[in-house]
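Worksheet for the structure shown next.
Protein chains: 2
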Amino acid sequence: MAQRTEPARGMRDFLPADIRRREYVIGVIKRVYERYGFEPLETPAVENLETLMGKYGEEGNQLIFKILKRGEHEASGQADLALRYDLTVPLSRVVAHYQSKLPRLFKRYQIQPVWRADRPARGRFREFYQCDVDALGSTSPVIEAEVCAAVSDALTELGFNDFTIRINHRQVLTSILNTAGISESLHGTALVAVDKLDKIGADGVKTEMSGRGVEAGAAEKLLELFEVLGKDREKSRELLDSAGVAAFENLQAIFAHAEDTSAGVRLRFDPSLARGLSYYTGAIFEITVPDLAGSLGGGGRYDNLVGMFLGQSVPACGFSLGLERILVVMAERGMFPPTLATTPADVMMAVFDAKDTPHALRVAGLLRQSGLRVLVYPDADKIGKQIKYADSLGIPFVAILGGNEIEAGTVTVKNLTAQTQATYDQAAAAGAILEGLKQRG
Amino acid sequence: MAQRTEPARGMRDFLPADIRRREYVIGVIKRVYERYGFEPLETPAVENLETLMGKYGEEGNQLIFKILKRGEHEASGQADLALRYDLTVPLSRVVAHYQSKLPRLFKRYQIQPVWRADRPARGRFREFYQCDVDALGSTSPVIEAEVCAAVSDALTELGFNDFTIRINHRQVLTSILNTAGISESLHGTALVAVDKLDKIGADGVKTEMSGRGVEAGAAEKLLELFEVLGKDREKSRELLDSAGVAAFENLQAIFAHAEDTSAGVRLRFDPSLARGLSYYTGAIFEITVPDLAGSLGGGGRYDNLVGMFLGQSVPACGFSLGLERILVVMAERGMFPPTLATTPADVMMAVFDAKDTPHALRVAGLLRQSGLRVLVYPDADKIGKQIKYADSLGIPFVAILGGNEIEAGTVTVKNLTAQTQATYDQAAAAGAILEGLKQRG
Chain Y
1 MAQRTEPARG MRDFLPADIR RREYVIGVIK RVYERYGFEP LETPAVENLE
51 TLMGKYGEEG NQLIFKILKR GEHEASGQAD LALRYDLTVP LSRVVAHYQS
101 KLPRLFKRYQ IQPVWRADRP ARGRFREFYQ CDVDALGSTS PVIEAEVCAA
151 VSDALTELGF NDFTIRINHR QVLTSILNTA GISESLHGTA LVAVDKLDKI
201 GADGVKTEMS GRGVEAGAAE KLLELFEVLG KDREKSRELL DSAGVAAFEN
251 LQAIFAHAED TSAGVRLRFD PSLARGLSYY TGAIFEITVP DLAGSLGGGG
301 RYDNLVGMFL GQSVPACGFS LGLERILVVM AERGMFPPTL ATTPADVMMA
351 VFDAKDTPHA LRVAGLLRQS GLRVLVYPDA DKIGKQIKYA DSLGIPFVAI
401 LGGNEIEAGT VTVKNLTAQT QATYDQAAAA GAILEGLKQR G
Chain V
442 MAQRTEPARG MRDFLPADIR RREYVIGVIK RVYERYGFEP LETPAVENLE
492 TLMGKYGEEG NQLIFKILKR GEHEASGQAD LALRYDLTVP LSRVVAHYQS
542 KLPRLFKRYQ IQPVWRADRP ARGRFREFYQ CDVDALGSTS PVIEAEVCAA
592 VSDALTELGF NDFTIRINHR QVLTSILNTA GISESLHGTA LVAVDKLDKI
642 GADGVKTEMS GRGVEAGAAE KLLELFEVLG KDREKSRELL DSAGVAAFEN
692 LQAIFAHAED TSAGVRLRFD PSLARGLSYY TGAIFEITVP DLAGSLGGGG
742 RYDNLVGMFL GQSVPACGFS LGLERILVVM AERGMFPPTL ATTPADVMMA
792 VFDAKDTPHA LRVAGLLRQS GLRVLVYPDA DKIGKQIKYA DSLGIPFVAI
842 LGGNEIEAGT VTVKNLTAQT QATYDQAAAA GAILEGLKQR G
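Chains as they are written, first to last, in the numbering used here: chain Y, 1 to 441; chain V, 442 to 882.
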């Protein structure tokens with residue numbers, strides 16, 4: 001008779017302690033993003049299927065959760081809606097739709113879940129949160145410097161001090177692939193191999209390239225070029241075609257601007273950084289920390305995506321932090337502040353006798369007016385049992401109303417940590433408890 | 442070439458001004474719920490289809506958005522997942538699954554979107570937020586009084602002063618239907634008619650009842666009974682069978698407990714209140730305001746729902762506020778505080794000359810360290826154009842760095858509202874702007 005109770009595969013329930021940590025991290029990120037002039041935006045979880053299809057490459061298409069059309073339902077199996085796959089494509093749709101209502105330079109942040117029909121694995125979920133900042137309407141390298149600085153400030157404020165923002169440029173990559181003699185039709189597949197350089201090393205990349213149809217000579221050349229690139233500015237320019245040189249100069253400008261922000265010490269040019277998504281057109285970024293395989297987030301410039309909706313291109317650049325990975329690292333490193341609430345309430349209101357319950361509710365109301373979180377014990381169980389219950393939940397104070405207290409207009413407050421108790425005027429009890437909480441820190 | 446840009450049918454995009462209002466309301470509701478000892482919980486947007494099917498009645502089943510099974514996709518049309526339809530069924534699943542990790546009395550709040558494949562209409566959306574409080578593990582009427590008080594405090598804190606919490610009891614309803622001589626098989630359909638009493642009046646209900654197969658005599662009797670019920674306590678008891686009397690006494694206890702809470706003055710017994718969902722077993726509530734057809738929220742006791750997952754029943758009672766309707770009424774009545782931010786930033790950092798951009802970024806960083814929200818203008822456009830841009834967005838202050846300021850380590854701050862300007866040491870500018878913001882109120 002009983003039904004399955006676990007959440008759907010790859011999805012998670014978040015109990016109170018989880019939510020408190022998640023909200024703490026989201027709160028810090030929001031505050032920092034707002035300081036950079038980013039404004040909040042939210043889009044629906046569900047998009048028209050056609051809005052998402054064809055934006056994320058072939059693999060992406062496969063991972064989109066599709067929703068059955070209303071009415072026909074199971075019969076036809078026709079799907080017309082889909083779950084949001086990232087926050088960038090919906091943003092591009094929004095910018096195309098509301099253009100006249102938005103500032104010319106539209107800076108928005110968006111912190112919402114996305115869904116991918118990926119095979120679930122350790123640390124890989126089918127529902128996960130992204131924390132995005134994007135600026136639309138300017139091609140200035142100030143934008144790149146500022147999104148990197150915003151993300152950098154957010155991580156710093158969360159307590160991270162060992163992250164690196166790797167940066168590259170799609171046009172530099174294209175140029176260097178051309179110089180290495182890799183034909184344009186193989187650029188995509190070659191980049192997939194290049195992207196693994198950190199993981200599988202130069203020999204691994206060569207083997208993988210040959211498996212993907214890239215000539216051994218060209219693969220060799222490409223890896224040599226990566227070695228030179230970035231080491232010597234003048235030599236680097238000689239290796240690039242004119243588009244590549246312009247892109248390289250754009251990177252220099254981003255570095256120069258970032259110098260005077262918190263991102264300056266974090267940025268590192270990585271000529272082999274490729275990023276999977278197909279919509280990037282300019283600078284691309286990825287954030288790494290030493291103790292995490294994979295990245296904490298990534299982003300880049302995508303000047304043509306809004307154009308797919310608007311028919312006219314709007315420059316855009318952004319950065320996305322992965323909430324789940326930030327939480328994983330913070331938990332492993334013990335980075336959460338000890339001040340995060342861990343109990344359901346600051347004080348439990350005990351009920352000495354069933355007939356006194358209305359008095360207990362009234363005094364609970366008084367305590368709440370002072371901002372205290374108050375749990376009212378709902379039954380007139382033995383007082384020892386009630387106190388034990390508060391203690392088992394870590395609630396630090398218990399307020400007790402017996403006949404004497406009710407008559408005198410007082411309330412007795414037990415401090416379960418210090419194992420002391422005192423009786424106060426009902427109007428004064430909140431102040432005493434707040435003071436006691438402050439002393440606990 | 443350009444694609445559709447509107448959101449999917451019945452779904453909405455929320456621009457910055459919308460989000461600020463939504464977050465304000467959610468913030469107030471959360472704070473009040475926490476004061477009552479409710480803890481935060483979140484569940485996935487996506488549930489196993491079988492978790493949702495059969496919990497909401499036949500009409501509910503029809504309105505569940507179904508998601509195609511991964512892999513097979515369009516080919517088979519098979520669906521194995523579905524979008525969350527409310528927050529109560531997922532809560533019941535969670536309580537069954539994590540029982541040993543949760544307090545014996547589990548009080549949680551949950552503020553998340555739900556999805557229904559309803560026909561969209563004015564004010565009816567396919568994605569909308571619910572703000573739920575529920576307490577599981579106790580049958581005490583203290584629970585009913587406290588969820589009503591929590592919801593009542595939340596609405597009061599938002600500025601509502603004219604709402605009513607209508608309350609009834611499923612067992613009283615059943616009892617009175619029996620007394621009227623309506624056979625049990627017609628109870629469900631009779632209640633649908635009864636629920637419209639407010640809208641279509643007594644004659645309307647009689648007509649509708651006869652259309653639904655209820656004898657005219659029984660319908661007449663039922664309406665008479667509603668008239669008597671609640672007017673006279675002793676007479677009311679005589680009309681009810683023993684289960685009905687017990688339920689009636691339960692309502693009296695809830696009223697008595699609520700008396701000493703903020704809900705006391707709000708509660709009104711409404712013997713014709715029925716509530717649509719099939720899982721209610723005890724007291725049921727609905728909140729109304731004079732200027733809104735439909736309710737701001739509703740709830741009740743559902744002691745058997747967790748049992749459908751656990752195989753063993755757990756008493757439960759809760760209240761759900763509808764965020765969208767609260768927002769509609771607040772907007773119509775102009776209830777949002779004037780202090781809600783309406784601009785993307787407190788100050789815009791202008792860039793006088795492209796070569797000075799790094800200085801502008803550095804000073805922007807200084808201002809941000811004081812918590813100011815700073816927008817850096819990304820291009821070295823004419824300074825007049827930059828100031829005009831800030832003004833068009835309602836940004837109250839513009840900070841300007843020219844050659845003189847850079848040399849002197851100062852920054853000029855223009856107050857666009859007062860049309861004044863002054864030059865400060867770069868380290869002192871934040872303080873001056875914060876002071877200026879405070880004076881604006």
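Idealized CB from N, CA, C, for every residue including glycine.
Model, not experiment: these values are computed from the prediction.
query: Is any heavy atom of the ligand NAD found at a distance shorter than 7 angstroms from the C-beta of Y:T207?
result: Of the ligands one can find in the structure shown there are none, so the ligand NAD has no counterpart to examine.
- prompt: By how many angstroms is the C-alpha of V:A621 removed from the C-alpha of V:T648?
  reply: The C-alpha of V:T648 lies about 16 angstroms from the C-alpha of V:A621.
- prompt: So is Y:L340 buried or exposed if we call it buried at 16+ other beta carbons inside 10 Å?
  reply: Exposed, because fewer than 16 other Cβ atoms sit within 10 Å of the Cβ of Y:L340.
CB contact below 8 angstroms: Y:D132 versus chain V: For Y:D132, the answer is no, since every Cβ of chain V falls outside 8 angstroms of its Cβ.
Cβ-based burial, V:D822 [other Cβ within 10 Å; buried from 16]: By the 10 Å Cβ count, V:D822 comes out exposed.
- request: Using the Cα positions of V:D832 and Y:S140, report the straight-line distance between them to the nearest angstrom.
  value: Rounded to whole angstroms, V:D832 to Y:S140 spans 21 angstroms at the Cα level.
- prompt: Looking at C-alpha atoms only, which residue of V:T861, V:L746, V:C589 is the closest neighbour of V:Y497?
  reply: For the residues V:T861, V:L746, V:C589, the minimum Cα distance to V:Y497 belongs to V:L746.
task: Classify V:T492 as helix, strand or coil using the three-state DSSP reduction.
output: Three-state result, V:T492: helix.
query: According to DSSP, is V:M442 helix, strand or coil?
result: Any reading at V:M442 must be qualified, since the residue scores a pLDDT of 49, below 50, and its modelled position is unreliable; the value itself is stated next. Assignment of V:M442 by DSSP, reduced to helix, strand and coil, places it in the coil class.
- prompt: From which residue to which residue does the beta strand (DSSP E) around Y:L68 run?
  reply: Going by DSSP, Y:L68 is part of the beta strand (DSSP E) stretching over 66 to 68.
query: Can you name, in chain order, every residue of its own chain whose Cβ lies under 8 angstroms from the Cβ of V:D787, other than the five neighbours on each side?
result: Cβ within range, chain order: L813, R814, V815, I836, P837, F838, I874, L878.
- prompt: Cα-Cα, which of Y:V172, Y:A283, Y:L197, Y:D270 is closest to Y:A243?
  reply: Per the Cα distances, Y:V172.
Coarse secondary structure for V:D573, derived from DSSP in three states: Strand at V:D573.
- request: Kindly give me the distance between the Cβ atoms of V:I767 and V:V466, rounded to whole angstroms, as I take these residues to be in contact under 8 angstroms.
  value: With a Cβ gap of about 6 angstroms, V:I767 and V:V466 count as contacting.
- prompt: Rounded to the nearest angstrom, how far is the Cβ of Y:V142 from that of V:P819, given a contact under 8 angstroms?
  reply: Sure, about 4 angstroms apart at Cβ, within 8 angstroms.
7 angstroms Cβ cut-off: residues of chain Y touching V:D820: Going along chain Y in sequence order, the residues near V:D820 (Cβ under 7 angstroms) are S138, S140.
- prompt: DSSP three-state call for V:E649: helix, strand or coil?
  reply: In the three-state scheme derived from DSSP, where H, G and I count as helix and E and B as strand, V:E649 is classed as helix.
message: Rounding to the nearest angstrom, what Cα-Cα distance links Y:D270 and V:P531 in this structure?
response: Their Cα atoms are separated by approximately 45 angstroms.
- request: For V:R426, return the contacting residues in chain Y, with the cut-off set at a CB-CB distance below 9 angstroms.
  value: Missing from the structure shown is residue 426 of chain V; chain V here goes from 442 to 882 and no further.
Straight-line gap, Y:V351 to V:Q540 (C-alpha atoms, nearest Å): Taking the straight line joining both Cα atoms gives about 25 angstroms.
query: If we cut at 8 angstroms on Cβ distances, does Y:L434 have a partner in chain V?
result: Not an interface residue.
query: Shorter than 8 angstroms from the beta carbon of Y:H97 to some beta carbon of chain V?
result: Chain V, which has a Cβ nearer than 8 angstroms to the Cβ of Y:H97, makes this yes.
- prompt: By Cβ distance, which residues of its chain are closer than 8 angstroms to V:K676, with the 5 residues on each side in sequence left out?
  reply: Only V669 meet the Cβ criterion.
field: Span separating the alpha-carbon of Y:S313 from that of Y:R170
entry: Cα to Cα, the separation comes out at about 18 angstroms.
- request: May I have a chain-ordered list of the alpha helix (DSSP H) segments no shorter than 4 residues that lie completely inside the segment 758 to 831 of chain V?
  value: Here the runs fully enclosed are 764 to 774, 798 to 810.
query: In angstroms, rounded to a whole number, what distance separates the CA positions of V:H800 and V:E846?
result: Their backbone Cα atoms lie some 10 angstroms apart in a straight line.
field: Beta-bridge pairing of Y:H169 - partner residues as DSSP gives them
entry: The partner list for Y:H169 (beta bridge, DSSP) reads Y:A283.
query: Would you call the CB atoms of Y:V151 and Y:A190 closer than 8 angstroms?
result: No, the Cβ-Cβ distance between Y:V151 and Y:A190 is not below 8 angstroms.
- prompt: DSSP beta-bridge partners for V:L524?
  reply: Looking at the DSSP output, V:L524 shares a beta bridge with V:V487.
query: Expressed to the nearest angstrom, what Euclidean distance is found between the alpha-carbon atoms of Y:K388 and V:L751?
result: Computed Cα separation, rounded: 27 angstroms.
- prompt: Along the chain, where does the beta strand (DSSP E) that runs through V:F884 open and close?
  reply: Residue 884 of chain V lies beyond the stretch modelled for chain V, which goes from 442 to 882, so this question has no answer here.
- prompt: Can you find a C-beta in chain Y that's less than 8 angstroms from the C-beta of V:M442?
  reply: With a pLDDT of 49 at V:M442, under the threshold of 50, the modelled position of that residue is not reliable, and the figure given next carries that caveat. So, interface residue.
field: Selected residue, minimal CA-CA separation from V:L891, among V:T729, V:G717, V:A688, V:S719
entry: Outside the modelled stretch of chain V, which goes from 442 to 882, sits residue 891 of chain V, for which no answer is possible.
field: Continuous beta strand (DSSP E) stretch holding Y:Y424: start and end
entry: Here the beta strand (DSSP E) through Y:Y424 covers 420 to 425.
message: For a quick check, are the C-beta atoms of V:F667 and V:S736 less than 8 angstroms apart?
response: No, the Cβ-Cβ distance between V:F667 and V:S736 is not below 8 angstroms.
query: Can you list the residues of chain Y that V:S517 reaches, using a CB-CB cut of under 7 angstroms?
result: Within chain Y, the residues placing a beta-carbon under 7 angstroms from that of V:S517 are G77, ordered along the chain.
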